[in-house]
Amino acid sequence: MANIMVSIIAAYLVGCFPTAYLVGRLHKGLDIREVGDRNMGAANVYRQVGHWSGLFVCLADIGKGILAIAISRWLGVSDQITLVSGFAVVVGHNWPVFLGFRGGRGEATATGVLLSLLPRETLILIGVASIPLAITRNMIFSSIFLFLPLPLLAWWFGASGMYIAFSMVLPALVGFTHYLTTRNLPADVERGALR
């Protein structure tokens, strides 16, 4: 029981680490949640702070998802608890306790979780999603090509029903957070654009 709680709480706290916020503060002295599309994520850092800073935040946030799953596996908890921990790290990223529960949308962190749990499927779809990303320069639009086909590809490669369900639930959390964080933005604010 102790390992179960440690796994879930550790995952949430890993997710709470505010990479984008710290990069914005350290490099430009700004609160990334108050500029651009107000998202505490890589695309907003890319636009408001700099390209290399945005890339760093993207990789670090992916790393948070990978780390949360690694901790869960190291603790030896069940697959079900590992999936709950994967969900918890994205919740931590989106609603970090240290920043008044105002975080990001979770695309990169969710990608890290999925890379750990469904590596083959996720790598294939990262390759697919990179094509619309190169054309449109929009991370939100491109993430559709990563997340939407994932359950079908997981089924194709023989993943269990539990993992297929998770591959639907986690992107749904990302989509729900995206809706919550963009519904009141002015129409002229770019969402997820890399330009």
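In the numbering used here, the protein residues as written are 583 to 777.
The beta carbon of each residue, even a glycine, is placed where N, CA and C say it ideally should be.
Coarse secondary structure for residue i, derived from DSSP in three states
i, result
"Asn-720", "strand"
"Ser-698", "helix"
"Ala-741", "coil"
"Asp-619", "coil"
"Phe-683", "coil"
"Asp-770", "The predicted model places Asp-770 with a pLDDT of 48, which falls under 50 and marks its position as unreliable, so this point remains unresolved."
Beta carbon of residue i nearer than 9 Å to that of residue j
i, j, result
"Ala-692", "Ala-593", "no"
"Leu-735", "Ile-706", "yes"
"Trp-677", "Arg-684", "yes"
"Asp-643", "His-675", "yes"
For residue j and residue i, believed in contact at Cβ under 8 Å, the rounded distance
i, j, result
"Thr-718", "Asn-621", "About 17 Å; that fails the 8 Å criterion."
"Ser-667", "Ser-589", "5 Å"
"Val-673", "Leu-752", "No, Val-673 and Leu-752 are not in contact; Cβ-Cβ is about 10 Å, not under 8 Å."
Cβ-based burial, residue i [other Cβ within 10 Å; buried from 16]
i, result
"Met-750", "exposed"
"Ala-650", "buried"
"Ser-654", "buried"
"Ile-591", "exposed"
"Leu-641", "exposed"
"Phe-680", "exposed"
Curious, which full-length alpha helix (DSSP H) runs of at least 4 residues does the region 611 to 655 contain? 624 to 630
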